[in-house]
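This note's numbering applies: residue 1232 is where the sequence shown begins, and numbers increase by one. Glycine included, C-beta positions come from ideal geometry on N, C-alpha and C. All values reported here derive from a predicted model rather than from experimental measurement. Note sheet for the following structure.
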Amino acid sequence: MSLKAYPLFLCIVLIITGGCARHQRDVALFEGPPIQDVTTAFDTALRCLRGKISSKYTFAVGAIVDNTGKEQLSEGGTAKYVTQGAGDIVQTALLLAGVGVVNRRDPRVLIQEMQWGTIKKDQIIPSSYFITGSINSLDFIPGGGVEMEVAGGGPRYRQNRILIGVDLFLTDTKTGKVVASVPLQKQIVAYEAGVGMTRFFGEVLFNLDVGGMKREAMGFALRQMLYLGTFEILSQMLHPETYGECRAEIDHDYGNLVHTKSTEKYDAYMKVKPKSPMSEDRDKEEKEPTASIAPKAGSAAKSEESSQGDEHKDSQQDALVEPISGKETDQELITDKAGADEEEVVEATEGSGDSALTITQETADKSADNSSSGKEDLNATDDKQSKTFWQEEGVESKPLPQEVLW
């Protein structure tokens, strides 16, 4: 190409790229995909916690700093590898969970308002708990790949990974005690695939290289880690029955909590989860059927009025509470004995007037006392069962935290 052709060639290139556009007109901007709200795989689990945490507790977010120490070169200088806005992401996760949040991300506005006298110090809502933490590890794992060429051409494939770690802490504002914590890590995957060819066609050298590279978005991966971490530290302050259904909303392909405190607490709860009294009685009846005891001969001579009253009482008791195995026999014996005693009293005191009524009343009171003592035994059994709520066989008791959020 001659020297005279170079200016023409350069002008054509500038026209194509827009470099020769007139200065008085704006260059048309290229538009990509539309703006949309941010959604993650853990949004459903966080929304599930709404209404499960008491509104009397308020949360704040402190510093969640980048302690990786990693920087990269970019146009005009250096840049951080990881996001510097992790605290704002955690605050968004708390709002998504429906808890009360007080903004401590930038206290300068509140301080300035107090200095101006527009607000008073006692008007500011104090926080009950605050979250802090750090992004503290960013390790580049050596990757691997394969490349093959035959007659100047062939495919290639490479893969690399980055390991990133986060630690979050929930602290009681009044005491400064750390009440919950969670460490998380994730491997960021990147891979490259392509094919290349370099060959001579006659005296012309032909070179072709086609390929592509994909890598997980590090900022979005960190957002998902912080969302999952927020869910975990909130779950550690709740009862397993409260957050159990919300854990089911987490897809294990995106987040898998195995050795965290909430997981251990939930697994222990499922092992010793108490059954309802009706289900326990039903299991006992299936294993050991209660033998029926024939009523005594004396009870067959009851008056028609008293027998109708007993049948009505028994039917009402069966409708409300299922008889407990082992107690049904005692109750029948108590009832039969009371009926026999009442019959003997009636026969012995016929025609005796007020004295007969007095003795009959004493017998009825004695029967009521026996019935109430039977109820106390049942209540004592229930209390014993509730005390061993967190105990497994051969394992020490695992009480819940003294202060929980429900």
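What residue range is occupied by the uninterrupted alpha helix (DSSP H) comprising residue i?
i	result
residue 1474	1471–1478
residue 1301	Run containing residue 1301: none; DSSP gives neither H nor E here.
residue 1443	Careful: residue 1443 lies outside any alpha helix (DSSP H), inside the beta strand (DSSP E) at 1435–1446.
residue 1494	1492–1502
residue 1344	1339–1347
Looking at C-alpha atoms only, which residue of the options is the closest neighbour of residue i?
i	options	result
residue 1402	1386, 1412, 1304	1412
residue 1332	1338, 1323, 1340, 1339	1323
residue 1460	1503, 1440, 1431, 1415	1415
residue 1356	1288, 1304, 1395, 1388	1288
residue 1285	1489, 1330, 1315	1330
residue 1197	1440, 1394, 1466	Because the chain is modelled from 1232 through 1637, residue 1197 falls outside the range shown and cannot be assessed.
residue 1438	1261, 1361, 1384	1384
Between which two residues does the beta strand (DSSP E) carrying residue i extend?
i	result
residue 1261	Unbroken run through residue 1261: none, as it is neither H nor E.
residue 1418	1409–1432
residue 1289	1289–1297
residue 1273	Here residue 1273 belongs to no beta strand (DSSP E), and DSSP marks it neither H nor E.
residue 1399	1384–1403
residue 1464	No beta strand (DSSP E) contains residue 1464, which is instead part of the alpha helix (DSSP H) from 1449–1466.
residue 1381	No beta strand (DSSP E) contains residue 1381, which DSSP labels as neither H nor E.
residue 1328	Looking at the DSSP string, residue 1328 is not in any beta strand (DSSP E), and its letter there is neither H nor E.
residue 1311	1308–1311
Exposed or buried, which one is residue i when buried takes at least 16 other CB atoms within 10 Å?
i	result
residue 1642	The structure shown does not extend to residue 1642, since the chain is modelled only from 1232 to 1637, so the question has no answer here.
residue 1609	Low confidence applies here, because residue 1609 scores a pLDDT of 41, under 50, leaving its location unreliable; read the following figure in that light. Exposed, since its Cβ has fewer than 16 Cβ neighbours within 10 Å.
residue 1371	exposed
residue 1468	buried
residue 1366	buried
residue 1489	exposed
residue 1378	exposed
residue 1302	exposed
residue 1464	buried
residue 1270	exposed
residue 1360	buried
residue 1259	exposed
For my contact list, residue i and residue j are in at a C-beta cut-off of 8 Å; report their separation, rounded to the angstrom.
i	j	result
residue 1423	residue 1444	4 Å
residue 1456	residue 1405	With 8 Å as the limit, residue 1456 and residue 1405 do not qualify as a contact, their Cβ atoms being about 29 Å apart.
residue 1447	residue 1481	Contact doesn't hold; Cβ gap of about 19 Å is too wide.
residue 1295	residue 1317	4 Å
residue 1400	residue 1429	Contact flag wrong, Cβ pair sits at about 56 Å.
residue 1369	residue 1299	4 Å
Based on the DSSP secondary-structure assignment, which residues constitute the bridge partners of residue i?
i	result
residue 1318	Looking at the DSSP assignment, residue 1318 forms no beta bridge with any residue, so it has no partner.
residue 1372	1392
residue 1363	1400
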